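In our numbering, the protein residues as written are 3 to 341.
All C-beta atoms, glycine included, are put in the ideal place defined by N, C-alpha and C.
For clarity, every value in this text was computed on a predicted model and none was experimentally measured.
Taking it in order: structure first as structure tokens, then the write-up.
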């Protein structure tokens with residue numbers, strides 16, 4: 003490298019630092035930051051600059067790294083934190099240093115990376131414990147929460163009090179924190195400050211809000227395409243290791259002479275009924291048919307056609323959101339970091 007190139011590269015680095023110091027660090031400002039960085043990179047094409055946006059999980063703030071190609075090869079990583087005067091890679095373990103990112107060493111200290119979100123083990127343990135789409139293992143729950151974090155990375159919209167309260171109640175219920183005393187004890191055990199806890203709850207609230215809005219967006223089309231799945235159906239069915247004559251279901255006491263069996267009577271969305279009953283008409287006997295590890299016999303007692311009411315649209319939105327999330331996961335880059 004000549005003296006001229008050293009001087010020129012030093013000038014590029016000085017400009018890069020000023021660029022980083024001037025970027026606004028709120029989530030809502032990320033598109034603006036990307037635009038400013040791209041414009042700056044266009045004036046220095048040889049530097050091949052890349053802006054890395056670092057998420058602070060469940061915080062309205064983001065951090066930035068700027069990767070600049072050195073004239074003799076390799077990458078120089080720059081970070082700046084104008085509010086406290088030290089690089090964010092030193093002040094916060096939440097986001098990894100871009101030098102490690104550039105070297106491909108993402109794994110240390112993290113459990114999983116899903117697209118732009120890197121999740122630490124401690125953060126994974128604090129996630130809400132919920133299984134809204136069936137009996138999946140904990141890996142699925144963690145990945146789904148990370149996917150929602152990706153969707154809310156740039157969400158700078160203020161949260162209202164109701165959103166915060168509902169998120170806090172969900173979190174406390176999931177962790178068995180029934181009162182203020184148990185919550186304070188848990189915070190002390192986890193070494194979390196009140197401010198950190200508020201930021202974590204705000205993240206949950208953002209993800210809840212995103213899900214609620216996405217469900218409302220997807221519900222009408224899903225209901226229109228799958229209307230019969232949302233009929234309200236009252237049915238009676240018997241499942242067991244031996245087949246049962248369907249005619250026995252019509253008379254009171256008809257099942258007394260049967261062997262061991264499970265009898266269910268109730269009202270369900272059509273989608274939630276056993277498959278053989280799902281689309282059967284009113285007063286239709288089904289079975290005995292092979293079902294699971296045994297047999298099923300059932301009868302539809304009542305069937306009401308789906309309507310576009312709030313309850314039905316909510317159910318359709320939940321189902322549609324599950325399908326959307328599954329598709330989003332198939333497109334995601336997921337890397338587990340087993341220690």
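Simplified DSSP assignment, three categories, for residue 269: Taking the chain shown and counting its residues from 1, one reaches residue 269 at position 267. If DSSP states are grouped into helix, strand and coil, residue 269 belongs with the strands.
Alpha-carbon to alpha-carbon, residue 298 and residue 238: Indexing the chain shown from 1 puts residue 238 at position 236. Indexing the chain shown from 1 puts residue 298 at position 296. Cα-Cα distance, rounded: 11 Å.
Beta-carbon separation (whole angstroms), residue 300 vs residue 240, contact threshold 8 Å: As a first step, residue 300 must be located in the chain shown, where it is residue number 298. As a first step, residue 240 must be located in the chain shown, where it is residue number 238. Yes, they are in contact, since the Cβ atoms of residue 300 and residue 240 sit about 7 Å apart, within 8 Å.
Extent of the continuous alpha helix (DSSP H) to which residue 125 belongs: The count along the chain shown starts at 1 and reaches residue 125 at position 123. DSSP places residue 125 in the uninterrupted alpha helix (DSSP H) bounded by 123-128.
Which of helix, strand or coil DSSP assigns to residue 282: Start at 1 with the first residue of the chain shown, and residue 282 comes out as number 280. Here residue 282 sits in coil by DSSP.
Spatial distance of residue 77 from residue 271 (CA atoms): The sequence position of residue 77 within the chain shown is 75, counting from 1. The sequence position of residue 271 within the chain shown is 269, counting from 1. Residue 77 and residue 271 have their alpha carbons spaced roughly 57 Å apart.
Validate contact between the stretch 7-27 and the stretch 35-54 using beta carbons, cut 8 Å, 3 pairs: Three or more beta-carbon pairs drawn from the stretch 7-27 and the stretch 35-54 are found closer than 8 Å, and the two stretches are therefore classed as touching.
Strand pairing of residue 67, partner residues [DSSP]: In the chain shown, residue 67 corresponds to position 65, counting from 1. The partner list for residue 67 (beta bridge, DSSP) reads 54 and 81.
Buried or exposed (CB count within 10 angstroms, at least 16 for buried), residue 343: With the chain running from 3 to 341 in the structure shown, residue 343 is simply not present.
Sheet register partners of residue 293 (DSSP bridge): Taking the first residue of the chain shown as position 1, residue 293 is located at position 291. In the DSSP assignment, the residues bridged to residue 293 are 296.
Three-state class that DSSP yields for residue 319 in the structure shown: Position 317 of the chain shown, counting from 1, holds the residue named residue 319. Helix.
Cβ-Cβ distance between residue 169 and residue 203 below 9 Å: Counting from 1 along the chain shown, the entry for residue 169 is found at position 167. Counting from 1 along the chain shown, the entry for residue 203 is found at position 201. Yes. Within cutoff.
C-alpha distance - residue 182 paired with residue 201, whole-angstrom precision: Translated into positions along the chain shown, residue 182 becomes position 180. Translated into positions along the chain shown, residue 201 becomes position 199. About 18 Å.
Host beta strand (DSSP E) of residue 246 (start-end): Along the chain shown, one-based indexing puts residue 246 at 244. Run containing residue 246: none; DSSP gives neither H nor E here.
For residue 185, the three-state DSSP class (helix, strand or coil): Translated into the one-based positions of the chain shown, residue 185 becomes position 183. In the three-state reduction of the DSSP assignment, residue 185 falls in the helix class.
Exposure of residue 72, with buried meaning 16 or more beta-carbon neighbours within 10 Å: Within the chain shown, the letter at position 70 stands for residue 72. Label assigned to residue 72: exposed.
Secondary structure of residue 74, DSSP reduced to three states: Sequence index remark: in the chain shown, residue 74 carries index 72 (1-based). Coil at residue 74, not helix or strand.
Extent of the continuous beta strand (DSSP E) run through residue 115: The residue you call residue 115 lines up with position 113 of the chain shown. For residue 115, the enclosing beta strand (DSSP E) has its first and last residue at 114-116.
Chain-order list of residues whose beta-carbon lies under 7 Å from that of residue 104 (same chain, five-residue window excluded): In the chain shown, residue 104 corresponds to position 102, counting from 1. The predicted model places residue 104 with a pLDDT of 38, which falls under 50 and marks its position as unreliable; any figure quoted below should be read in that light. Answer for residue 104: 69, 77 and 79, listed in chain order.
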